[in-house]
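For the sequence shown, my numbering begins at 6 and goes up steadily by one. C-beta: ideal position from N, C-alpha, C; glycine also. As the structure is a prediction and not an experimental result, all values here were calculated from the model. First comes the structure, then the notes that go with it.
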Amino acid sequence: MNKDEKLQITKDRLLESTFRLMEEKDDPMSVTSREIASAAGVKPSMINYCFSSRENLIYQTFQKQYLDFLKESDIQKIIHSDASPKEILKELHFIVARCLVQNPKFTKAVTGFVLFKRDLSQESFSYPYVYKHYAGRKTEAECKLIAYELSTMMQLIIFRAEDFKKDFGIDLTNDVELWHYLEMRIDLLLAEQ
6 MNKDEKLQIT KDRLLESTFR LMEEKDDPMS VTSREIASAA GVKPSMINYC FSSRENLIYQ
66 TFQKQYLDFL KESDIQKIIH SDASPKEILK ELHFIVARCL VQNPKFTKAV TGFVLFKRDL
126 SQESFSYPYV YKHYAGRKTE AECKLIAYEL STMMQLIIFR AEDFKKDFGI DLTNDVELWH
186 YLEMRIDLLL AEQ
């Protein structure tokens, strides 16, 4: 076994241990580096070596679960449909939002990282559809900013879902209300001008 294969095994063990520990706790962010390393059978320094930080490991753990969730959805059917880029965005955001709503502990655990520490140079899944929607009527930078606003606002709203329901009467755990909110938000940000 070569060095890269050993490193991947360590990463996988850290991800699996992190997920298991996060599921056991009421507050997933209370999982410590020492707990994760112990459960994975590695030294705590391997967390920083493999993932740069505990927060990024937690984020990557959520990303892995999120990607597994997407594999179970009709995502490929949506992406390859004849629908307009705007309609594809609505469908994709609905799937992502449902995943976030159905996993509130993980959503709360990763929202701070996503909003404040995530590398903004990484392309958003929304960007290609925003860019296609505007078809040259907006610059690449404007389209990236709109895609960023779509994803961060969705993350923030779902993070505050209980307050959102109390103050605005919108229950994001209800698929019809979630769809209506996302449709309204995307129509607002992707308005024809």
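Given a cut-off of 8 Å on the beta-carbon distance, is the pair residue i and residue j in contact?
i             : j                 : result
alanine 114   : phenylalanine 169 : no
leucine 105   : serine 131        : no
threonine 157 : leucine 120       : yes
Whole-angstrom Cβ separation of residue i and residue j, contact assumed at under 8 Å?
i            : j            : result
leucine 26   : glutamate 40 : 6 Å
leucine 195  : valine 135   : 7 Å
threonine 15 : cysteine 55  : 6 Å
tyrosine 153 : serine 129   : 6 Å
From residue i to residue j, what distance separates their C-alpha atoms?
i             : j              : result
asparagine 53 : arginine 59    : 7 Å
leucine 94    : aspartate 32   : 31 Å
cysteine 148  : serine 43      : 44 Å
serine 89     : threonine 37   : 45 Å
leucine 20    : aspartate 9    : 16 Å
isoleucine 83 : glycine 174    : 30 Å
histidine 138 : isoleucine 191 : 11 Å
aspartate 176 : threonine 116  : 19 Å
glutamate 28  : isoleucine 151 : 33 Å
glutamate 167 : asparagine 179 : 12 Å
lysine 30     : aspartate 87   : 43 Å
lysine 11     : methionine 34  : 27 Å
aspartate 172 : proline 49     : 42 Å
What do you get for residue i, buried or exposed, if any count of 16 or more other CB atoms within 10 angstroms of its CB means buried?
i              : result
lysine 76      : exposed
alanine 146    : exposed
histidine 185  : exposed
alanine 45     : buried
methionine 51  : buried
leucine 193    : exposed
asparagine 7   : exposed
valine 181     : exposed
alanine 140    : exposed
asparagine 108 : buried
Among the candidates the options, whose CA atom is the shortest distance from the CA of residue i?
i              : options                       : result
arginine 103   : Ser89, Thr144, Ile83, Gln160  : Gln160
leucine 97     : Pro109, Ile80, Phe111         : Ile80
tyrosine 64    : Ile162, Ser35, Asp73, Thr112  : Thr112
glutamine 70   : Val101, Lys11, Asn179, Glu10  : Val101
glutamine 13   : Val47, Thr37, Ala140          : Val47
isoleucine 163 : Thr37, Lys110, Lys82          : Lys110
lysine 91      : Asp124, Pro133, Met34         : Pro133
arginine 123   : Asp87, Ser57, Asp17           : Ser57
glutamate 197  : Lys143, Ala166, Asp172, Lys11 : Lys143
methionine 189 : Arg165, Phe99, Lys171, Asp73  : Phe99
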